[in-house]
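Step one of this worksheet: look at the structure below.
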Amino acid sequence: MQLREKKVALIAGASSNLGLNLAVRLLEGISSSTQLTLIVTSRTLPKVKEVISDIKKHAMSIGKDTNLDFDYLLVDFADMVSVLAAYYELNKKYKRIDYVLINSAQGVYSGIDWIGACKEILAHPIEGVTNPTYKTQRVGVKSRDGLGLVFQVNVFGPYYLIYKIKHLLQNGGRIIWISSLMAHPKHLSFNDLQLLQSTESYEGSKRLVDLQHIGTYKKLKDGFGIEQYVVEPGIFISYSFFQFLNFFTYYGMIFLFYLARYLGSKSHNISGYIAANAPIKCVFGDEPRDVKVGSACERNGKEYLIYHEIDTTGAEDVTSYLDKLRIEWDEKLKDQIVDSRKI
Ligand SMILES: NC(=O)c1ccc[n+]([C@@H]2O[C@H](COP(=O)([O-])OP(=O)(O)OC[C@H]3O[C@@H](n4cnc5c(N)ncnc54)[C@H](OP(=O)(O)O)[C@@H]3O)[C@@H](O)[C@H]2O)c1
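Heads up, the sequence shown is in UniProt numbering, so the first residue is 1 and it goes up one at a time.
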């Protein structure tokens, strides 16, 4: 019997719309002679079970269920002990990981300023549904670790995990960070890298994702043979915003998304499947690493890639800040997980 080539992929935040579609497209893109182990992450077991069952159904429908094994990690990036435990588990179980997709993210939204939304959308319909400023975010929210919550979940937690598992990725592994179209330099102040004073911490965190990518991708390539990419998935339906919408506002939002696409927006992908195009092209293809690769589509939904230049100002400052913090946390966490048989 011929042995199948083996690949291992980790999708952080697999339970989201994009996360599920990343898994689906990964499976579609993988050769039928490859055995794929998919490690899905979530903070909760019920969501892990749900996403594994959804992916299994798809795998069966395309005849790739025999190519697929599952594993899961319960990891909360807002908790550094949980991040460390994820590292221990991966290190114990795997000799190699081929692909890591950092798709998980959190915002600290408190609602929608409906009056502001109407004004913004009426004045500039496409801009109003591309770079909305009417989603209100809480300011100064810290994690139990005492770090800026959005900073920790979207940037530092994954950064720390990648640092810890990079020996598993060396010589050909790929890391794909999911950023956003909204990662504008104006959303980040260098006096507030943990985004604790920011009213736009989500957008600021995505700017940090871009800058840490610029500051690290060459070192990862030269030092470890790891290819790192940063992508943006355009705009698509997110499960996480349902809590702020009712039947009318949900369908109103979808209508505006289609209208924006009709009026010429190339980033209103709407479907999670189209949004997953850029990340998956970076998994399998040879995309540039000094730009942000974006998922885009035409009016009829035909997908294509776009490339965004990244303003690199401050990339070195951001990576040296993250490295300093990483060393601090190495020290804080050094006695956290002990072998109880040796006590
Ligand atoms: N929706 C858009 O239009 C859009 C646009 C640009 C970029 N993006 C980016 O695309 C990615 C996916 O977006 P989405 O809207 O599909 O996501 P979403 O519905 O908001 O889901 C977020 C995912 O992140 C995980 N997550 C949240 N907090 C976490 C934490 N503290 N620790 C570990 N995991 C955590 C969740 O996992 P559990 O709840 O299962 O734990 C969930 O799977 C995100 O990076 C987002 O920023 C989205």
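Even for Gly, the Cβ is constructed at its ideal location relative to N, Cα and C.
Ile165 is the residue among Pro233, Gly148 and Ile165 whose C-alpha sits nearest the C-alpha of Val100. Distance between Glu28 and Asp335, taken at the CA atoms: about 42 Å. Shown here for Phe236: same chain residues with a beta carbon closer than 8 Å to its own, the five before and five after excluded, namely Asn17, Leu18, Asn269, Ile270, Ser271, Gly272, Ile274 and Ala275 in chain order.
Counting only runs of at least 3 residues, the region 158 to 241 fully encloses the following beta strand (DSSP E) elements, listed from N- to C-terminal order: 174 to 178 and 227 to 232. Membership of Ser61 in the alpha helix (DSSP H) is indicated by the continuous run Leu45 to Ser61. For the pair Glu200 and Pro132, the Cα-to-Cα distance works out to about 11 Å. Between Gln212 and Val155, the beta carbon gap of about 7 Å places them in contact (Cβ cut-off 8 Å). When the alpha-carbon of Asp192 is set against those of Val150, Glu227, Val230 and Asn171, the nearest one is in Val150. Membership of Gly301 in any beta strand (DSSP E) is not indicated, and neither H nor E is assigned to it by DSSP.
Spanning the alpha carbons of Arg25 and Asn277 requires a straight line of approximately 8 Å. The closest heavy atom of ligand 1 lies 7 Å or more from the beta carbon of Leu26.
Distance check between Ile162 and each of Gly116, Ile112 and Thr216 places Thr216 closest, using alpha-carbon atoms only.
Shortest gap from the CB of Thr66 to any heavy atom of ligand 1: 7 Å or more. Cβ neighbours of Val231 within its own chain (closer than 8 Å, five residues either side excluded): Ile176, Trp177, Ile178, Ser179, Ala278, Pro279, Cys282, Lys292, Val293, Gly294 and Ser295. The three-state reading of DSSP puts Lys135 in strand, counting E and B together. Between the C-alpha atoms of Gln197 and Ile97 there is a straight-line separation of about 37 Å.
One thing to note: Gly172 has its Cβ no nearer than 8 Å to the Cβ of Ala105. The Cβ atoms of Ser267 and Leu188 do not sit closer than 8 Å to each other. For Glu303, same chain residues with a beta-carbon under 8 Å away, outside a window of 5 residues either side, are Asn269, Ile274, Asn277, Ser295, Ala296 and Cys297 in chain order.
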